[in-house]
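Chains A and B, in that order, give the protein sequences.
To convert a position in the first sequence, counted from 1, into my numbering, add 121.
To convert a position in the second sequence, counted from 1, into my numbering, add 121.
One structure is given below, encoded as structure tokens.
2 protein chains.
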Amino acid sequence: MPKSRLFTPGPTFVPEAALSAMSRQAMHHRTPEFRRILAEVLAGLKEVFVTRNEVLLLSSSGTGAMEAAVVNLVPRGGKAVVLDSGKFAGRWRILCETFGIRAVRYELPWGAAFEPARVAALLREHADAAAVFATLMETSTGVGHDIAGISRAVKENGEALFVVDGISGVGAMECRTDEWGIDVLAVGSQKALMTPPGLAFLAVSPAAWRRIEANPKRPAFYFDLLAYREALSGGDTPYTPAIPLVLALAESLKTIRARGMEAIWAKTRLLAAAFRAGIEALGLKLAAARPADGMTAVFLPEGIDGKTFLDRLEKRFGIKLAGGQGPWKGKIFRMAHFGLIDELDVLATLTAVELLLLEFGITVKPGAAVAAGIQCIAESGRS
Amino acid sequence: MPKSRLFTPGPTFVPEAALSAMSRQAMHHRTPEFRRILAEVLAGLKEVFVTRNEVLLLSSSGTGAMEAAVVNLVPRGGKAVVLDSGKFAGRWRILCETFGIRAVRYELPWGAAFEPARVAALLREHADAAAVFATLMETSTGVGHDIAGISRAVKENGEALFVVDGISGVGAMECRTDEWGIDVLAVGSQKALMTPPGLAFLAVSPAAWRRIEANPKRPAFYFDLLAYREALSGGDTPYTPAIPLVLALAESLKTIRARGMEAIWAKTRLLAAAFRAGIEALGLKLAAARPADGMTAVFLPEGIDGKTFLDRLEKRFGIKLAGGQGPWKGKIFRMAHFGLIDELDVLATLTAVELLLLEFGITVKPGAAVAAGIQCIAESGRS
Numbered sequence: 122m123p124k125s126r127l128f129t130p131g132p133t134f135v136p137e138a139a140l141s142a143m144s145r146q147a148m149h150h151r152t153p154e155f156r157r158i159l160a161e162v163l164a165g166l167k168e169v170f171v172t173r174n175e176v177l178l179l180s181s182s183g184t185g186a187m188e189a190a191v192v193n194l195v196p197r198g199g200k201a202v203v204l205d206s207g208k209f210a211g212r213w214r215i216l217c218e219t220f221g222i223r224a225v226r227y228e229l230p231w232g233a234a235f236e237p238a239r240v241a242a243l244l245r246e247h248a249d250a251a252a253v254f255a256t257l258m259e260t261s262t263g264v265g266h267d268i269a270g271i272s273r274a275v276k277e278n279g280e281a282l283f284v285v286d287g288i289s290g291v292g293a294m295e296c297r298t299d300e301w302g303i304d305v306l307a308v309g310s311q312k313a314l315m316t317p318p319g320l321a322f323l324a325v326s327p328a329a330w331r332r333i334e335a336n337p338k339r340p341a342f343y344f345d346l347l348a349y350r351e352a353l354s355g356g357d358t359p360y361t362p363a364i365p366l367v368l369a370l371a372e373s374l375k376t377i378r379a380r381g382m383e384a385i386w387a388k389t390r391l392l393a394a395a396f397r398a399g400i401e402a403l404g405l406k407l408a409a410a411r412p413a414d415g416m417t418a419v420f421l422p423e424g425i426d427g428k429t430f431l432d433r434l435e436k437r438f439g440i441k442l443a444g445g446q447g448p449w450k451g452k453i454f455r456m457a458h459f460g461l462i463d464e465l466d467v468l469a470t471l472t473a474v475e476l477l478l479l480e481f482g483i484t485v486k487p488g489a490a491v492a493a494g495i496q497c498i499a500e501s502g503r504s
Numbered sequence: 122m123p124k125s126r127l128f129t130p131g132p133t134f135v136p137e138a139a140l141s142a143m144s145r146q147a148m149h150h151r152t153p154e155f156r157r158i159l160a161e162v163l164a165g166l167k168e169v170f171v172t173r174n175e176v177l178l179l180s181s182s183g184t185g186a187m188e189a190a191v192v193n194l195v196p197r198g199g200k201a202v203v204l205d206s207g208k209f210a211g212r213w214r215i216l217c218e219t220f221g222i223r224a225v226r227y228e229l230p231w232g233a234a235f236e237p238a239r240v241a242a243l244l245r246e247h248a249d250a251a252a253v254f255a256t257l258m259e260t261s262t263g264v265g266h267d268i269a270g271i272s273r274a275v276k277e278n279g280e281a282l283f284v285v286d287g288i289s290g291v292g293a294m295e296c297r298t299d300e301w302g303i304d305v306l307a308v309g310s311q312k313a314l315m316t317p318p319g320l321a322f323l324a325v326s327p328a329a330w331r332r333i334e335a336n337p338k339r340p341a342f343y344f345d346l347l348a349y350r351e352a353l354s355g356g357d358t359p360y361t362p363a364i365p366l367v368l369a370l371a372e373s374l375k376t377i378r379a380r381g382m383e384a385i386w387a388k389t390r391l392l393a394a395a396f397r398a399g400i401e402a403l404g405l406k407l408a409a410a411r412p413a414d415g416m417t418a419v420f421l422p423e424g425i426d427g428k429t430f431l432d433r434l435e436k437r438f439g440i441k442l443a444g445g446q447g448p449w450k451g452k453i454f455r456m457a458h459f460g461l462i463d464e465l466d467v468l469a470t471l472t473a474v475e476l477l478l479l480e481f482g483i484t485v486k487p488g489a490a491v492a493a494g495i496q497c498i499a500e501s502g503r504s
């Protein structure tokens, strides 16, 4: 077995201190010690989300946080605008349909980016929409959507709340919850927060709380956000939380806060730029019309099967990238630029991709990818 | 700080091997290795639950599994019988109400045990009830309900499915899912399974699956059991699972399977008997009319505040027991008899309780509690 290089857009590597924290013998959660750690974690998350809104911690995957946003905010029979392009954006639509909410879709082909002007037009047409559901970084396509612009379109066209799936982007790439006017932000633990999967978070604005309070028949118990808010007022969670994951997150957040969000966003941007410079030097095509900082999705050359390529990459070098989903199954690979992944990881991955392409009989200039990546990083170092 | 002795009925101490498993660097879940571990875990859980029914793994607290049972089995507008006595049984009722299900209550005061004959009568009166919701071990009162007897009453009186909250009892005390006719069994990770909180499990009978399939409008996405079954057919979970907790569970299950369920049930029964012998020797009163094997709840003498007593117990000896909830807040203490807790822990706790009672000015014969407990254990060793 080669060494493991887990570079998928989640789960991602976890810092040693966070791993160690999980191996600590069990503690009870209704204790001053755990309450102190939980409070510290929630304060840290506010810093990462750049928000003064209340932050809630759920013991579930990110999908649970998405469900919580849908069922708490929009009553059965209500209407919502869903920005639907890619596997995860599509989940907003399915959630709406599951809970009897009419989803007005702004649908685009995979890889495309939503235009704020079209969101505005849709809201003028559907003034009764209770919420707009969007995605910061669409992990299935690598698109980074214009959340600031879309939010302005939402705010200028009625009373709809703006809800963003930031599960995999937040903590990696710029996301200013309050400044951008995000009413509900959903985030997952196993991405840029460098914590194992099993926790999800929601930052909820005062306007969103008012809407939740005015929705007494919300079909929610485990995901009833008012129960979380009430428990939080006593420093607790309403149900037993996944304690070791909270302890791990406390450690990862120390690393993140020490670094600062601006510095982390800049580093993510640099890794993305370097990786893309290398990918373009190889003549490969990016999958996203508007690539996110937090990851890159790349089309493989015609005739190379994605599974075969990624299996060989892992077998030879332990590099685990993600493949394509849905219509892009077998056609793309996806690499994260967040968490513990650094410049050398990006350059090493470019090197490995280049080597494999050569072995698959694709004509590339040896060293071209890493040269382009190095140049990009060096330029940034000089400036 | 004294050493930690966490003896609450969950969370409970976790074996060293399970703790170590969590500190392993992150792995991806869509891999042959994780699928192998998940399959091993599900096979182990079937052994613990004594079932051939399909077992599903959710990343949530036990409450999530309860919600999943309710929303998948009973359609909005349907009817269910709820055996309601204690905080956790009451959760079945609240879940039904939340999701628009009419809950016919068989309500008893805290500490009482349900009678199968009355369940039968209720079902004859409500032949249209889709399900009966019951509790194996009511953690708020320490009652162990007659699940085998209640199940017979259910099966002999109509078509209602029998659903049991076994969150804290299963794995500690006898529970024969298939033999007893439990259609849906909900279990949590942080109790007798000796794993941290954050995972929940459901064992689902063929009859329950048919009911779920016939309930197309179930308000469930994160807890949609058909999605779990479909993912499971490919060895997966539908959403990213709490990976480190699954790795921990795999280790804890090795310990449990090596021991065997009959042996574990017998040990739990012995610990309960020894603890109760000691408690009775102190002149204290059990809270449960039908005490569960998995834990004991005890009334404190009049005039001793529960919080003060438990705080001193923890400060002096690191023994953490649980206090009372709801109407019994400040009036009882609760000790688990499962997991890593052994005979010496039970005897030490009796000793500490006795010592504190003396210090609080209660007249007890020094050594009486531990003497009664020892005698009980020694008798069992001789037989």
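Heads up, the beta-carbon is just placed ideally off N, CA and C, and yes, glycines get one too.
This one's a predicted model, so the numbers in the text were calculated from it and none came from an experiment.
At the C-beta level, residue 452(A) and residue 427(A) come within 7 Å of one another. Taking every protein chain shown into account, the CB of residue 465(B) has fewer than 16 other CB atoms within 10 angstroms, so this residue is exposed. The residue from 478(B), 128(B), 166(B) with its alpha-carbon nearest to that of residue 400(B) is 478(B).
With respect to residue 395(A), residue 494(A) sits close: the two C-beta atoms are nearer than 7 Å. If you look at residue 349(A), you'll find it in the alpha helix (DSSP H) that goes 346–354.
With a cutoff of 7 Å on beta-carbon distance, residue 310(A) and residue 323(A) are scored as not near each other. Between residue 244(A) and the set 489(A), 376(A), 279(A), the nearest pair of CA atoms involves 279(A).
DSSP, read as helix, strand or coil, puts residue 488(A) in coil. Around residue 135(A), the beta-carbon contacts reaching into chain B at under 8 Å are 146, 147.
Contact annotation: in the stretch 156–190 of chain B, residues whose CB is within less than 7 Å of a CB in chain A are 180, 181, 182, 184, 185, 188. Listed in chain order, the non-local C-beta contacts of residue 272(A) below 7 Å within the same chain comprise 283, 301, 302, 303, local neighbours out to five positions each way being set aside. Contact residues of the stretch 355–366 of chain B toward chain A are 360, 361, 362, 363, 364, 365, 366 (C-beta to C-beta distance below 7 Å).
Taking a beta-carbon distance threshold of 7 Å, residue 444(A) does not count as an interface residue toward chain B. Of the other Cβ atoms in all chains shown, fewer than 16 fall within 10 Å of the Cβ of residue 429(A); this residue is therefore exposed. In the three-state DSSP reduction, residue 448(B) falls in the helix class (H, G or I).
For residue 256(B), the enclosing beta strand (DSSP E) starts and ends at 252–256.
Here the alpha carbon of residue 337(A) sits roughly 23 Å from the alpha carbon of residue 225(A).
Between residue 292(B) and residue 306(B), the C-beta gap is not smaller than 7 Å, which leaves the two residues out of contact.
Contiguous beta strand (DSSP E) elements confined to the stretch 369–423 of chain A occur at 416–420, taking only those with 3 or more residues. The beta carbon of residue 161(B) sits closer than 7 Å to those of 371, all from its chain and outside the five residues before and after it, given in chain order.
Around the CB of residue 388(B), 16 or more other CB atoms lie within 10 Å, so the residue is classed as buried.
Of all C-beta pairs linking the stretch 170–190 of chain B to the stretch 232–240 of chain B, fewer than three are shorter than 8 Å, placing the two stretches out of contact. At a cut-off of 7 Å between beta carbons, residue 441(B) contacts chain A. Straight across, the Cα-Cα distance linking residue 295(B) with residue 461(A) is about 46 Å. Under DSSP, the beta-bridge partners assigned to residue 440(A) are 126(A). For the pair residue 124(B) and residue 440(B), the Cα-to-Cα distance works out to about 8 Å. Of all residues in the stretch 269–297 of chain A, none places a beta-carbon less than 7 Å from a beta-carbon of chain B. Residue state for residue 166(A) is assigned as helix, using DSSP reduced to three classes. The beta-carbon separation of residue 449(A) and residue 231(A), rounded to 6 Å, stays under the 8 Å limit for a contact. 470(B) is the residue among 423(B), 470(B), 425(B) whose C-alpha sits nearest the C-alpha of residue 435(B). At the C-beta level, residue 216(B) and residue 342(A) come within 7 Å of one another. Less than 7 Å divides the Cβ of residue 346(B) from the Cβ of residue 193(B).
Of the candidates 366(B), 269(B), 289(B), 482(B), the residue whose Cα lies closest to the Cα of residue 459(B) is 289(B). Contact annotation, residue 358(B) with residue 140(B): C-beta distance approximately 23 Å; criterion of less than 8 Å not satisfied. The Cβ atoms of residue 443(B) and residue 414(B) do not sit closer than 7 Å to each other. Residue 234(A) places its beta carbon less than 7 Å from that of residue 410(A).
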